[in-house]
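Structure record follows, encoded as structure tokens.
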Amino acid sequence: MEYTLDGSGPTKHPYEHSIERYTGNETLRFLDERDTERPFFIHMSFQRPHAPIAPSKAHFGLYDPKRLTLPEGSSDLFRNGFAGKPRFMIEHIERHGTYPLAKDETALRRCLASYYALITAIDGEIGRVLDHLTESGDIENTIIFYTADHGDFAGEHGLFHKNFGIYESIHRIPFLLSRPGGPRGGRFDGLVESVDLYPTLCELAGIPLPAGRDGTPLSALMAHHGKGMFSMNKRNETIRHADTKITSLVPVTD
Numbered sequence: 010m011e012y013t014l015d016g017s018g019p020t021k022h023p024y025e026h027s028i029e030r031y032t033g034n035e036t037l038r039f040l041d042e043r044d045t046e047r048p049f050f051i052h053m054s055f056q057r058p059h060a061p062i063a064p065s066k067a068h069f070g071l072y073d074p075k076r077l078t079l080p081e082g083s084s085d086l087f088r089n090g091f092a093g094k095p096r097f098m099i100e101h102i103e104r105h106g107t108y109p110l111a112k113d114e115t116a117l118r119r120c121l122a123s124y125y126a127l128i129t130a131i132d133g134e135i136g137r138v139l140d141h142l143t144e145s146g147d148i149e150n151t152i153i154f155y156t157a158d159h160g161d162f163a164g165e166h167g168l169f170h171k172n173f174g175i176y177e178s179i180h181r182i183p184f185l186l187s188r189p190g191g192p193r194g195g196r197f198d199g200l201v202e203s204v205d206l207y208p209t210l211c212e213l214a215g216i217p218l219p220a221g222r223d224g225t226p227l228s229a230l231m232a233h234h235g236k237g238m239f240s241m242n243k244r245n246e247t248i249r250h251a252d253t254k255i256t257s258l259v260p261v262t263d
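In terms of our numbering, the sequence shown opens at residue 10 and continues consecutively.
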């Protein structure tokens, strides 16, 4: 397989052979072949936007790198390196040597342009599915979650991907919810976690929540603003309440 890693060029394969189009096609095939007398569940999972940052020729060039607005702090790495950053970030670079993906601002703009092109491809496939649901009338009886498993630096701190601790760009993820009879255009600014999505879906679908499951239905969170959150992984622990965040960096040990 031939591809470019850093957005400098399109993939060698046509869009019809892309994972985005394949995912869209398989989702539509399921909708066409399913038993319409039974409820359905679809997990339409896209691998990208993700490395390799190589959109198809159909999408490459949609965004002019020179006209993009770079994220705040995107030039920090080029000016200061990792000065002032946590030690584990520096050790990660020393061990793996694969980051940052962009070596200067020109390369960063190129990466972002191709990254946005990948997102546009995904938007198009989601649009195909929504059009199908609308044409069939199923949209009026379908709950839709749109979200991601994690954020991406996407240029912040001059970085890409996710491997540098709990920064805002990593633990903020998109989440849109559409449900029959639900409000349109509403926005909730409270703190939630991905673990809340499962109980929320069960509640909206009228399915009893199995015992021992974590998370809280979002309807309950929206009624009680200001709830704090606690998360941790092998490198850090974070407690957040509203706009206050405290992170403890924990060394990795055997």
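Note that CB positions come from ideal geometry on N, CA and C, so glycine has one too.
Given residue i as reference, the closest of the options once Cα atoms are compared
| i | options | result |
| --- | --- | --- |
| Gly215 | Ala130, Val201, Thr151 | Thr151 |
| Gln56 | Thr209, Asp198, Thr156 | Thr156 |
| Glu81 | Ala220, Glu114, Leu37, Thr36 | Glu114 |
| Ala126 | Pro189, Val138, Arg222, Leu71 | Leu71 |
| Thr60 | Arg38, Lys171, Arg96, Pro74 | The question names Thr, but residue 60 is Ala in the sequence shown. Checked all of Arg38, Lys171, Arg96, Pro74; the closest Cα to Ala60 is Lys171. |
Backbone CA spacing between residue i and residue j [nearest angstrom]
| i | j | result |
| --- | --- | --- |
| Asp85 | His166 | 6 Å |
| Lys112 | Phe197 | 37 Å |
| Glu35 | Val201 | 31 Å |
| Phe39 | Ile148 | 15 Å |
| His141 | Ile182 | 26 Å |
Same chain only: Cβ atoms within 8 Å of residue i, ignoring 5 sequence neighbours per side
| i | result |
| --- | --- |
| Gly18 | Ala63, Phe69 |
Residue i, DSSP secondary structure in three states
| i | result |
| --- | --- |
| Ile131 | helix |
| Ile182 | coil |
| Ile152 | coil |
| Ile99 | helix |
| Ser84 | coil |
| Ile62 | strand |
| Ser17 | coil |
| Ser145 | helix |
| Ser203 | helix |
| Ser187 | strand |
Same chain only: Cβ atoms within 6 Å of residue i, ignoring 5 sequence neighbours per side
| i | result |
| --- | --- |
| Pro5 | Not covered by the structure: residue 5. The range shown for the chain is 10 to 263. |
| Met53 | Thr36 |
Residues near residue i by beta carbon distance below 7 Å, same chain, minus five either side
| i | result |
| --- | --- |
| Thr129 | His68, Leu71 |
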